[in-house]
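Only one structure is covered here, and it is reproduced in the block below.
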Amino acid sequence: GESVGLHLPTLSVQEGDNSIINCAYSNSASDYFIWYKQESGKGPQFIIDIRSNMDKRQGQRVTVLLNKTVKHLSLQIAATQPGDSAVYFCAEKKVGAQKLVFGQGTRLTINP
Amino acid sequence: EPEVTQTPSHQVTQMGQEVILRCVPISNHLYFYWYRQILGQKVEFLVSFYNNEISEKSEIFDDQFSVERPDGSNFTLKIRSTKLEDSAMYFCASSENRGGQETQYFGPGTRLLVL
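Protein chains in written order, with our numbering: chain A, 30 to 141; chain B, -13 to 101.
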């Protein structure tokens, strides 16, 4: 079957530290992966995506790493800020499909 | 920056009533989607729509649900006879799907409460 899950439901970090949010997926047919940020009462906001032919992609303060060997995806946020507090979801998409399969989400909280 | 918009932001309805949730996707996008999120749970795919027809749907999207693009800008989700378990946040999304641009952009959602 297909499933995308997260290792930890909550993550608490100090402001200014780096955050690493992890995600495991089980469908080796997936070729596209996305991280979304969801603030309370809002819709998922696109952060960064990566295709299966890459193992790393960087954005502004964020980096996504993909390890296809162990089916693992991670999101790294540099110099975490209070505005980064949210629930972070990973999602995957199979070749030829349109639907995104979301994981459970990790709540990131920032300690001052 | 273009964004997906949804109306209403909140909808309260009685069980058995019909509801229509409305979305305006990003204007140059070709694929449209509905997802839902039951409180405290993950986001679940309902349906995708392309070229005026359903291209993919989940097992959740049964005969009580329908989608329509009534004009060049709106995309609607209708629930014919709402059930208590239909209470959730409903998100519309759209994507360009040209030139490898697959990113799905989500609207702010409609919170549906069925009493």
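Backbone N, C-alpha and C define an ideal beta-carbon position, used for all residues, glycine too.
Are there 16 or more other CB atoms within 10 angstroms of the CB of residue i, so buried, or fewer, so exposed?
{"i": "B/Arg66", "result": "exposed"}
{"i": "B/His(-4)", "result": "exposed"}
{"i": "A/Asp84", "result": "exposed"}
{"i": "A/Ile139", "result": "buried"}
{"i": "A/Pro142", "result": "With chain A covering only 30 through 141, there is no way to say anything about residue 142 of chain A."}
{"i": "B/Arg22", "result": "buried"}
{"i": "B/Leu34", "result": "Looking at the sequence provided, one finds Ser at residue 34 of chain B rather than Leu. Its Cβ being crowded by 16 or more others within 10 Å, B/Ser34 is buried."}
For a contact meaning CB atoms closer than 8 Å, what does residue i contact in chain C?
{"i": "A/Tyr61", "result": "Given the protein chain composition of this structure (A and B), no chain C is represented."}
Within 8 Å of any Cβ in chain B, is that where the Cβ of residue i sits?
{"i": "A/Leu129", "result": "yes"}
{"i": "A/Gly112", "result": "no"}
{"i": "A/Gly88", "result": "no"}
{"i": "A/Pro73", "result": "yes"}
Is there a Cβ from chain A that is less than 8 Å from the Cβ of residue i?
{"i": "B/Glu39", "result": "no"}
{"i": "B/Tyr91", "result": "yes"}
{"i": "B/Arg(-2)", "result": "Reading off the sequence shown, one finds Val at residue -2 of chain B, where the question assumed Arg. Closer than 8 Å: no."}
Give the DSSP-derived three-state secondary structure of residue i in the structure shown.
{"i": "A/Leu40", "result": "strand"}
{"i": "A/Asp46", "result": "coil"}
{"i": "A/Asp78", "result": "strand"}
{"i": "B/Glu71", "result": "helix"}
{"i": "B/Ile24", "result": "coil"}
{"i": "A/Lys123", "result": "strand"}
{"i": "A/Arg90", "result": "coil"}
{"i": "A/Lys15", "result": "No information on residue 15 of chain A is available, as it lies outside the stretch 30 to 141 that chain A covers here."}
{"i": "B/Leu7", "result": "strand"}
{"i": "A/Arg136", "result": "strand"}
Give me the DSSP bridge partner(s) of residue i.
{"i": "B/Glu88", "result": "DSSP, once it has assigned bridges, lists no residue as partnering B/Glu88."}
{"i": "A/Val130", "result": "A/Glu121"}
{"i": "B/Val100", "result": "B/Thr(-1)"}
{"i": "A/Asn51", "result": "A/Ser103"}
{"i": "B/Ile46", "result": "None, per the DSSP bridge assignment."}
Minimum length 3: unbroken beta strand (DSSP E) runs contained in the region 93 to 117 of chain A: Complete beta strand (DSSP E) runs here, min 3: 101 to 106.
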